[in-house]
Amino acid sequence: MRIAITTFQRAINHGAALQMYALCKTLEKSGNEIKIIDYVPNYSNYSGGIKQQIANILNRKTDKIKAQKYKAFKDTYLADNMTKPYTYDQLSEIEKDFDLFITGSDQLWNYHCGHFDKYYFLDFVSDTKKRCSYAVSFNLECIPENAKQEYVRRLSGMNKISVREDDGVKAVKELIGTNCEKHCDPTLLLNENDWKSVIPQVKEKEKYIAIYTLGKPIDLVKKARELSKKTGYKILYLSDFYGDLDLKHLRGLGPMEFLSYIANAEYVFTNSFHGTAFSVNLHKNFFAEVNTLSRFNYRAEALLKSCGLMNRTMEHCTDILETAKQEIDYSAVEKVLNEERKRSEKYLNMIINGSETVE
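In the numbering used here, the protein residues as written are -1 to 357.
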């Protein structure tokens, strides 16, 4: 069987790249041929206003380096899995080449991401039996009223639907009356050993605390500084942004470099979903901030709740040093993750060949 994946395959974002890799490699275990469609949209990225344009100028050199590393990542890890580039108007010609299309994962159905592109709902596939999703995220507490009818139209065209959060299950039920399944992010389909087998070693000799943020943090950096003072460990800020300039920033990292710095840190502080997911999956001593100055991270909260790790959030942590001393029971966490992996693999086997057998 030939299976095509649609996702944010050109996004210069660690989580987007690594979840794409993970879903592709998981599906390859089924013995099928897996391709990631190299979709080229006909719209440009949103500039984000004056502040974002200034940031783009400041980061021009870093962005160039990063783009080169992302290309190298695809060339190294996904060389045989990428299709040639396609615009939306060209997509109709490839339907006959694939037996199944899976849209996933990431925030493909978030109204505020990807220009709400119908491509991520597989609108270009005329045979609706071929349309399936895997662990797609809405990352919205509620669907905007002005978008509901369009969501209904797009979701009604899906054969099998899999989402990533309880809110997504609720949204699908309310919109089209269908009970869909909730499955784990693709990065969690691969376990700690799977990731460590491909993660390169960092060159840092001193012990360090890694900070990785996307939205603007509230208390995260302050708490990391407190722990740094008490432990003597330096801080490495895995960020392209120009804030907290007294800290050492590691800019222009590629996906596997980023993962390596997370894997080898003594402590990780993050407000990113994938920063949280990898901290959990790689059994790190970590702290997450699910609320930021820009948005609430429903995806990270859902993961932490399911794993019984809400005590590792900034919102529940009063004494950072005492909490850092407490060992996380990752044997209990792995039981949860393994059950989620089995459920997710059953679903993938079902949409591929009708069987729910999991080896």
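Positions of the beta carbon are idealized from the N, C-alpha and C atoms, including for glycine. Just so we're clear, the structure is a prediction, and the values are computed from it rather than from any experiment.
From this set, 113, 111, 158 and 237, which residue's C-alpha is nearest residue 246's C-alpha?
-> 237
Tell me, to the nearest whole angstrom, how far the beta carbon of residue 70 is from that of residue 186; I am working on the premise that it is less than 8 Å.
-> With 8 Å as the limit, residue 70 and residue 186 do not qualify as a contact, their Cβ atoms being about 25 Å apart.
Within 10 angstroms of the Cβ of residue 295, are there 16 or more other Cβ atoms? Answer buried if so, exposed if not.
-> buried
For residue 7 and residue 179, the rounded distance between their alpha carbons = 24 Å
When the distance is taken between beta carbons, is residue 215 closer than 7 Å to residue 269?
-> yes
Please report the Cβ distance between residue 284 and residue 265, rounded to the nearest whole angstrom; I am assuming they are in contact, meaning their Cβ atoms lie under 8 Å.
-> 7 Å
Can you check DSSP and say which residues form a bridge with residue 271?
-> Looking at the DSSP assignment, residue 271 forms no beta bridge with any residue, so it has no partner.
Along the chain, where does the beta strand (DSSP E) that runs through residue 104 open and close?
-> Looking at the DSSP string, residue 104 is not in any beta strand (DSSP E), and its letter there is neither H nor E.
Specify, as a first and last residue, the run of the beta strand (DSSP E) that residue 131 falls within.
-> Per DSSP, the continuous beta strand (DSSP E) segment holding residue 131 begins and ends at 129 to 131.
Are there 16 or more other CB atoms within 10 angstroms of the CB of residue 143, so buried, or fewer, so exposed?
-> exposed
Simplified DSSP state of residue 45, which is helix, strand or coil = No answer about residue 45 holds up, because its pLDDT of 46 lies below 50 and its placement is not dependable.
Between which two residues does the beta strand (DSSP E) harbouring residue 390 extend?
-> The first residue shown for the chain is -1 and the last is 357, placing residue 390 beyond what the model contains.
Check whether the Cβ of residue 323 lies closer than 7 Å to any Cβ atom in chain B.
-> Among the chains in the structure shown there is no chain B, since it carries only a single protein chain.
Tell me residue 289's beta-bridge partners as DSSP assigns them.
-> 294
Identity of the residue in 61, 76, 41 and 37 nearest residue 16 by Cα | 76
DSSP puts residue 4 in a beta bridge; with which residues?
-> 101
Beta-carbon contacts of residue 82 that lie in its chain and below 7 Å, excluding the five residues immediately before and after = 36
Taking residue 349 as the reference, which of 132, 162, 211 and 155 has the closest Cα?
-> 132
Kindly indicate the opening and closing residues of the alpha helix (DSSP H) around residue 16.
-> First-last of the alpha helix (DSSP H) with residue 16: 12 to 26.
According to the Cβ coordinates, are residue 233 and residue 260 closer than 7 Å?
-> no
From 323, 24, 212 and 127, pick the residue whose C-alpha is nearest to that of residue 288; which is it?
-> Selected option, being the one with the closest Cα: 212.
So, is residue 253 buried or exposed, given that buried needs 16 or more other C-beta atoms within 10 angstroms?
-> Residue environment: residue 253 is assigned as buried (16 or more neighbouring CB atoms within 10 Å of its CB, all protein chains considered).
Ordered list of beta strand (DSSP E) runs contained in the region 134 to 170, each at least 3 residues | none
Would you please state the rounded distance, in angstroms, between the beta carbons of residue 250 and residue 63? I believe it to be under 8 Å.
-> With 8 Å as the limit, residue 250 and residue 63 qualify as a contact, their Cβ atoms being about 4 Å apart.
C-alpha distance - residue 198 paired with residue 150, whole-angstrom precision | 44 Å
Using a threshold of 7 Å, state whether the C-beta atoms of residue 79 and residue 22 are closer than that.
-> yes
On the three-state DSSP scale, how would you describe residue 281?
-> coil
8 Å contact criterion, which residue 109 and residue 138 should meet: CB distance rounded | 6 Å
Tell me whether the beta-carbon of residue 267 lies closer than 7 Å to the beta-carbon of residue 209.
-> Between residue 267 and residue 209, the CB-CB gap stays under 7 Å.
Under the assumption that residue 123 contacts residue 103 (Cβ atoms under 8 Å), give the Cβ distance between them as a whole number of angstroms.
-> So it is not a contact: roughly 18 Å between Cβ atoms.
So the beta strand (DSSP E) residue 31 belongs to, where does it begin and stop?
-> 31 to 37
Which of helix, strand or coil DSSP assigns to residue 227 = helix
Report the partner residues of residue 209 according to the DSSP bridge assignment.
-> 235 and 267
Can you say whether residue 156 is buried or exposed, counting buried as having 16 or more other CB atoms within 10 angstroms of its CB?
-> Counting every other CB atom within 10 Å of its CB across the protein chains shown gives residue 156 a total of 16 or more, marking it as buried.
Tell me which same chain residues have a C-beta within less than 7 Å of the C-beta of residue 85, skipping the five on either side of it?
-> Here the set comprises 38 and 40.
Between residue 25 and residue 346, what straight-line distance do the alpha-carbon atoms span, to the nearest angstrom?
-> 8 Å
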